[in-house]
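Input: a single structure, listed below in structure tokens.
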Amino acid sequence: MLIGERDALEVDGDSDAMISAPDGGVLHINGDLNAGLETGGFQEILICGDVSRDAKIHADGFLHIYIGGSMNGQIVTTGSSKIWVDGDFGGSISTGNPSTNLYVSGDFDGTISAHDDPSLLFLCVTGYARHDLISAIASIGYTVFNASVGISDVSPGLYPDGPERRVTRNGKSYSRWCVLQQRKEAEP
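Structure follows, in structure tokens:
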């Protein structure tokens with residue numbers, strides 16, 4: 045299915061077929077995304093359900109996306125993006141340039157990588173995220189990486205504490221994140 049610039053498409057249910065919007069537009073899926081989605085230009089996407097493991101969103105340009113469920117597929121962005129996941133994030137995202145803002149209201153157990161050169165990444169997880177996973181994201185070498193993690197496996201506080209917050213193995217970088225609460229051993 046192909047949509048044009050300034051066009052809008054509403055899918056009343058799950059999306060099981062490839063959707064292409066090379067010039068941007070507005071897309072509302074009132075269900076799950078189970079197939080591919082290619083976008084360009086300025087794109088506004090609303091997915092009321094989940095993004096399945098087999099789904100891949102590829103976006104060139106500016107992307108604003110809201111996922112009402114969990115994100116288990118793949119997102120590849122080359123430009124600036126703002127992504128809101130109202131469930132858990134277990135998929136992957138390849139971040140674009142100049143900035144990526146990712147908000148996850150559930151747990152985060154996915155992967156983040158840079159599409160080209162790492163630039164600016166802002167991550168907010170209100171659920172649980174492992175500290176080693178957040179540290180691995182910081183080690184990518186984003187120019188700026190800031191995060192807020194609701195619950196983790198380390199004590200509440202600011203991380204990292206030391207020179208590694210300014211320089212990674214990939215060069216100069218400024219990485220800083222806060223953990224608000226430590227998960228107790230008995231919690232799932």
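Per my numbering, the very first residue in the sequence shown carries number 45; after that it's consecutive. Heads up, the beta-carbon is just placed ideally off N, CA and C, and yes, glycines get one too.
Where does the unbroken alpha helix (DSSP H) through residue i begin, and where does it stop?
| i | result |
| --- | --- |
| ILE181 | 175–182 |
With C-beta atoms as the reference, is residue i less than 8 angstroms away from residue j?
| i | j | result |
| --- | --- | --- |
| SER59 | ILE73 | yes |
| ASP67 | GLY85 | yes |
| GLY135 | VAL193 | no |
| HIS108 | GLU88 | yes |
| HIS175 | SER149 | no |
| ASP98 | GLY113 | no |
| SER143 | GLY185 | no |
| ASP153 | GLY123 | no |
In angstroms with no decimal places, state the Cα-to-Cα distance between residue i and residue j.
| i | j | result |
| --- | --- | --- |
| GLY171 | TYR110 | 17 angstroms |
| SER219 | VAL188 | 6 angstroms |
| ASN145 | LEU167 | 6 angstroms |
| GLY93 | ILE119 | 16 angstroms |
| GLN226 | ASP51 | 46 angstroms |
| LYS228 | SER199 | 10 angstroms |
| ASP76 | ILE91 | 7 angstroms |
| VAL70 | LEU224 | 36 angstroms |
| LEU164 | ASN78 | 29 angstroms |
| TYR203 | ALA191 | 10 angstroms |
| SER157 | ASP130 | 21 angstroms |
Taking the beta strand (DSSP E) that residue i falls in, what are its first and last residues?
| i | result |
| --- | --- |
| TYR147 | 143–148 |
| ILE233 | Because the chain here runs from 45 to 232, residue 233 falls outside it and cannot be looked at. |
| LEU46 | Run containing LEU46: none; DSSP gives neither H nor E here. |
| TYR218 | 218–226 |
| LEU90 | 86–91 |
| SER157 | 155–158 |
| LEU165 | 164–172 |
| ALA99 | From DSSP, ALA99 is part of no beta strand (DSSP E); its letter is neither H nor E. |
Is there a Cβ from chain B that is less than 8 angstroms from the Cβ of residue i?
| i | result |
| --- | --- |
| SER157 | Checking the listed chains, one finds no chain B in this structure; it contains a single protein chain. |
By a C-beta neighbour count over all protein chains shown, 10 Å radius and 16 as the cutoff for buried, is residue i buried or exposed?
| i | result |
| --- | --- |
| PRO162 | buried |
| GLY206 | exposed |
| GLY201 | exposed |
| ALA61 | exposed |
### Query
Quick check: the stretch 134–141 against the stretch 172–181, are there 3 or more CB pairs under 8 angstroms?
no
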